[in-house]
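Dropping the structure here:
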């Protein structure tokens, strides 16, 4: 009924279910489709710069989930698994996008590429995605779970509860991991102001 | 920075972060005395923590009801149909609403123009609008905003023009005017009147929510957008698409709408129920943690709403029980009552009952009409007893008892007494609800645990060498959980499906034929049967469900495979045919590689069984067909490991059939192709015991064909290599039965080749070693026919080798072998095992002949000839019977006449030694 094929896909749903039943190949089958859908959505929304209006902001991965998966056939466990991989894919998509843009803009020195796609009511400060990606990789080397929490929350837009579900840890732990990771990343990117 | 230091930084960070400036400074100063670098690091992080603010707090990219790009906004003065835009007055998921004026009239008529955003399917929207327009325009009710016109803008965007209402959403209006509960109810009754009127005109609103119910300054409620949802949504659209959900406003949509089923008048009853709930409590009936549509959908479909009286004044974290802006937090003040407690008492009882009756998940259990709903509200206002069934508790209690029968029996809920048939006190109802919540939580825990044990823990370790004892333990635990769950699964299809899958998994691990397993055939059969039983029930209830069909076929196929190992060939063949018949219709137009694998697995089993029951031609056809299907798959699919495995199995089984058909060279070629695929997989996945095992099994058959072609030395080399590989594997994991039986297997073959090459002494020691291992296996699993035959085979080999090597020792060994053979009962249709048994008898005949030819004492000769004749007779009886049943392969027809000839020769030899063949009666069974 819209100009995009928004009907949940039987194939994607089946793959998600099979993957949930530990059919590892099903994941390989599903990933390209999820990637493609996320990419399509991302490109679509990235092109709507200065739109300036959101009601009920929804994370893109949730949107992809609703589009691809037949809700009646899956449960919370499948959902968490889906959101978990979709967040990783989203990170790859957005970082690649930022790198492409940086490459296009490159004249002298590295262009800082920021996200200012859909303004939030609170006014989200711009983030240098490429710098964030570098810092996130360093963080992962020391503490993979913290990096994953950031991936799920920032790139995936998952709620604390959803992250807890994906990582099978408590919400309180997620909050602690987040607080520390956020400070660490901020310090890594912005540096200290009160250095002597 | 590494491990321990990282953790210290983190720990200190978490201690210091919530502290005030001075406390932090003191803490860090103390730390600096010990480790200044660490203190400095934490100080930097704390500073970053304080400054980070909104840094990465908002998702990198988020979407929502994004209104179309700027250029689609209508500037003031722009004409839309007969109207001129004045200004924008609102935005929603579907588009933007403008205040407009009729431009070509002498008088000014204000209208609301709703411009549908780009992306909605314009042509269809308009077509549906034209179909509905007459009916919508005919709605003439004081509380319904009139639809005036509709069409497309110059840009081709659909729009609707409606009577312009200046007012507030009903809930905000009620709060702003501090309407009391009875005033709210009376206002709501007017809304009900409007909806009821529309229902009489066969129009369902489908999108009732407070923002669609505006109350004018005079206190008149007006319903907006009647019928618009239907126009915007395809009637045949049976799925809850993302777009559909956004249009629906999931917080107010009924479960049936959320699930993509048709909206009916009962759906409007439900949405009205949500509105009334919010009007009375200021909160949504569901406590979702986030606004993610998926979570709301889940809540709408699965969560029981909190009673309105309990929802009021509930101390809640800010995220939960979301409320729209414009509503007053102090509910008592908003409803003009002196305390929250009073409000709670005002709602308790009738109003709880009425609201919850409208909010039931099943449309048939709600008020059957808006009229009934409002009649109950009116009765409540007049102090009359309400009609809503006061049995909400009994319904719940009934559900509760059904769900918890197992738990109650287990004493988990000891102390909760349910009194059927009486109206429970509020206290009991509360207790029962708490117990139900507890039970459901526990139920879900068990479900989660069973899944985790089976799917996560087991799979994590299954391919690791040395994991067998832990796996045994996991299986025991998992079965315990599953049997508990099975008690409660009745009527819950999704749980039943889950259970069936879980039992199947347990069976695979216990003793499935396809994977490395624990060797417990009996246990595996029982678990497979439980799974089949559950799925057959589900299939009987809904044979159109492809998933059930597929699951059922898969497990039927597995059971058939294992049944074959126990020698029940007829049963196995029946199951294989059933599995094939179930899958065949699905596989025709399959786009799913997993399904085509299932189909091939069923086809493969059928082929194997055809071969076993003597139809080698049919089997070869079956496997060639499978190979064709597999080769026709896409490039990507053919790269999948499971597809490659499947292909190798089909080639292997085709070769098996070729051996039976006498095409040894063709068979050798296919075995070698199969081996190449398997070796590739094993190299790619070095930790996978299954792939390694498959290479070994192909090697065996290659060697077997080589031996049949008389190339004994080549065959010996392969058997030796396999023996070394299996020994290494079994050393790592002494309980791995596949590796252990592989050792015995290869020992026997190595012994055979050595015997053929004239090294009888070496051969004997190999066979003895194998026999010891096989006896042990058989003792532990004595129903397994295959294991029985393995012991038999080893005994008979020893008998034969000793016959040549040491006749004195041979006799007892031969006697043991013959005894075991004679005590083996086989299904008459089991051509494979019977043919094998006949071959064993014939070998034994030769062994006794050889003993008679080199007697220790002259007196033994007649006895040995007699025994040889007995063996040949048994062999020939089997062959003749198989021939009569038409179960003999073409390649084996020569063996039938050979067996008959052998009997004649043995009779002659017996006569020559002085015996009387006619008197031998023990030869008949």
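Residue numbers (this note's numbering), protein chains in the order written: chain Y, 3 to 198; chain X, 96 to 1020. For glycine and all other residues, C-beta sits at the position ideal for the given N, C-alpha and C. Treat the numbers as computed from the prediction; the structure is a model and nothing was measured.
- Under a CB-based cut-off of 8 Å, is residue 457(X) close to chain Y? no
Practice problem: Can you give me the Cβ contacts of residue 718(X) inside the same chain, cut-off strictly under 6 Å, excluding the 5 residues immediately before and after it? | Solution: 702, 745, 748, 749
Next item on the list: With a threshold of 16 other CB atoms inside 10 Å of the CB of residue 433(X), please say whether the residue is buried or exposed.
Entry: exposed
Which of the residues in the region 104 to 117 of chain X, read from start to end, lie with their CB under 7 Å from any CB of chain Y? 105, 108, 109, 112
Would you check if the distance between the CB atom of residue 795(X) and the CB atom of residue 786(X) is smaller than 8 Å?
no
- prompt: Would you say the region 910 to 926 of chain X touches the region 644 to 656 of chain X, given that touching needs at least three Cβ pairs under 8 Å?
  reply: Counting Cβ pairs under 8 Å, fewer than three are found: no touch.
**Asked** Taking just the CA atoms, how far does residue 670(X) sit from residue 655(X)?
**Response** Their Cα atoms are separated by approximately 5 Å.
Excluding the five sequence neighbours on either side, which residues of its own chain have a C-beta within less than 6 Å of the C-beta of residue 246(X), listed in chain order?
176
Problem - CA-to-CA distance, residue 936(X) to residue 969(X), given in whole angstroms - result: Distance from the CA of residue 969(X) to the CA of residue 936(X), rounded to the nearest whole angstrom, comes to 7 Å.
Under a CB-based cut-off of 8 Å, is residue 1(Y) close to chain X?
For residue 1(Y) there is no data in the structure shown, the boundaries of chain Y being 3 and 198.
* Asked: DSSP on residue 130(Y), reduced to helix/strand/coil?
  -> strand
When 864(X), 759(X), 708(X), 723(X) are compared against residue 931(X), the one with the closest alpha-carbon: 708(X)
So, helix, strand or coil for residue 196(X), using DSSP?
In the structure shown, the three-state DSSP call for residue 196(X) is strand.
Between residue 815(X) and chain Y, is any beta-carbon pair separated by less than 8 Å?
no
| Which residues DSSP lists as bridging residue 458(X), in chain order | Answer by DSSP bridge pairing: none, since residue 458(X) is not bridged.
Residue 261(X) - DSSP class collapsed to helix/strand/coil
coil
- Query: Going by beta carbon distance, what residues of the same chain come within less than 7 Å of residue 878(X), once the five residues before and after it are set aside?
  - Reply: 616, 617, 661
Return the residue from the list 743(X), 380(X), 146(X), 1005(X) that minimises the CA-CA distance to residue 346(X).
-> 380(X)
Inset, instruction - Please name the residues in the region 30 to 45 of chain Y whose beta-carbon is closer than 8 Å to at least one beta-carbon of chain X, in chain order. - result: 30, 31, 43, 44
Check: Is residue 170(Y) buried or exposed, if buried means 16 or more other CB atoms sit within 10 Å of its CB?
Finding: exposed
With 16 other CB atoms within 10 Å as the buried threshold, where does residue 154(X) fall? When all chains shown are included, residue 154(X) counts as buried.
Which residue's Cα is closest to the Cα of residue 1012(X): 824(X), 967(X), 458(X)?
-> 967(X)
Does the distance from the CB of residue 893(X) to the CB of residue 933(X) come in under 8 Å? In this structure, residue 933(X) does not lie closer than 8 Å to residue 893(X) by Cβ.
query: Using the beta-carbon of each residue, which ones in chain X are nearer than 8 Å to residue 14(Y)?
result: Correct list: empty, because the minimum Cβ distance to chain X is about 11 Å.
Near residue 116(Y), what residues of its chain come up, given a Cβ to Cβ distance below 8 Å and the 5 sequence neighbours on each side ignored? Since pLDDT at residue 116(Y) reaches only 38, below the 50 mark, its modelled position is unreliable, and the value read off the structure follows with that caveat. Answer for residue 116(Y): 128, 129, 130, 131, listed in chain order.
Problem - Where residue 76(Y) sits in the DSSP three-state scheme - result: coil
Q: Can you tell me which of 855(X), 848(X), 881(X), 842(X) puts its alpha carbon nearest to the alpha carbon of residue 867(X)?
A: Looking at the Cα atoms, 842(X) is the closest of the given residues.
Does any residue of chain X bring its CB to less than 8 Å from the CB of residue 178(Y)? yes
query = Under 8 Å, do residue 447(X) and residue 403(X) count as touching if we go by C-beta distance?
reply = yes
**Asked** Excluding sequence positions up to five away, which residues of its chain have a Cβ less than 7 Å from the Cβ of residue 681(X)?
**Response** 641, 644, 645, 690
Check: Given a threshold of 16 other Cβ atoms within 10 Å of its Cβ, counted over all protein chains shown, does residue 253(X) qualify as buried or as exposed?
Finding: buried
Item to check | Whole-Å CB distance - residue 990(X) paired with residue 923(X), under 8 Å assumed | outcome: At roughly 18 Å, the Cβ-Cβ gap does not stay under 8 Å, so residue 990(X) and residue 923(X) are not in contact.
Check your understanding: Closest by CA to residue 262(X), which one among 240(X), 250(X), 275(X), 248(X)?
Key -> 240(X)
| Contained alpha helix (DSSP H) runs [length at least 4] in the region 742 to 823 of chain X, N- to C-terminal order | 759 to 779, 784 to 803
* To do: Output yes if chain Y places a C-beta closer than 8 Å to the C-beta of residue 502(X); else output no.
  => The predicted position of residue 502(X) is uncertain, since its pLDDT is 31 and thus under 50; no value can be drawn from it.
Listing by chain order, which chain Y residues have their CB less than 7 Å from the CB of residue 140(X)?
-> Contact note: residue 140(X) reaches chain Y through 185, 186, 189, using a C-beta cutoff of 7 Å and chain order.
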